[in-house]
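Comments concern the structure below.
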Amino acid sequence: MAFIATFHYDDLDPYAVGITFHIPDGEVPWVVARSLLRCGLTEPAGDGDIRLWPALDENGCAIVWMTFHSPEGRLRVAVRSGELLSFLTRTWELVPVGAEPHQFDLDELVAALLA
Numbered sequence: 003m004a005f006i007a008t009f010h011y012d013d014l015d016p017y018a019v020g021i022t023f024h025i026p027d028g029e030v031p032w033v034v035a036r037s038l039l040r041c042g043l044t045e046p047a048g049d050g051d052i053r054l055w056p057a058l059d060e061n062g063c064a065i066v067w068m069t070f071h072s073p074e075g076r077l078r079v080a081v082r083s084g085e086l087l088s089f090l091t092r093t094w095e096l097v098p099v100g101a102e103p104h105q106f107d108l109d110e111l112v113a114a115l116l117a
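For the sequence shown, the working numbering begins at 3 and goes up steadily by one.
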């Protein structure tokens, strides 16, 4: 069954990528580490609830399989590797790998936690 998945990136939360799966029963949101998606492009990655691994589809096109496990069930999807890489490249242009810690205002975060 084919369905739409929307990928979201916010440079205020630079380590995370939001993925919303639009399935017949509604929307299923997940948050995935950006680094996990990067690793999944070239090698098996993930532990526990989210796992990714590269593969070829029946036409020989590069894909990344993604499985998501929750108490409500399991979802397994394939994403075209080129589309995932294109999305990740745009996130890296916003916040380069390694620059994530500089996106946080630590004083503001501490003040918000103590408020």
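Where is the CB? At the ideal position from N, CA and C, for every residue including glycine.
Check, Outcome
"Inter-stretch contact at 8 Å, needing at least 3 Cβ pairs: the region 41-52 / the region 13-25", "no"
"Whole alpha helix (DSSP H) elements within the region 18-44, 4-residue minimum", "36-42"
"For PHE5, the three-state DSSP class (helix, strand or coil)", "coil"
"Three-state secondary structure (DSSP) of LEU116", "helix"
"Under 9 Å between C-beta atoms of VAL34 and GLY20", "yes"
"N- and C-terminal bounds of the alpha helix (DSSP H) containing GLY48", "First-last for GLY48: 47-49, but that is the beta strand (DSSP E), not the alpha helix (DSSP H)."
"Close-in-space but distant-in-sequence residues of the same chain around THR69 (CB under 6 Å, 5 per side omitted)", "ARG53 and ARG78"
"Entirely enclosed alpha helix (DSSP H) segments - the region 42-97, minimum 4 residues", "83-96"
"PHE9 versus GLU85 - alpha carbon distance", "11 Å"
"Beta-carbon proximity check, TYR11 vs ARG92, cutoff 9 Å", "yes"
"C-beta atoms of SER83 and PRO56 nearer than 9 Å", "yes"
"Between the CA atoms of LEU115 and ASP59 - distance to the nearest angstrom", "46 Å"
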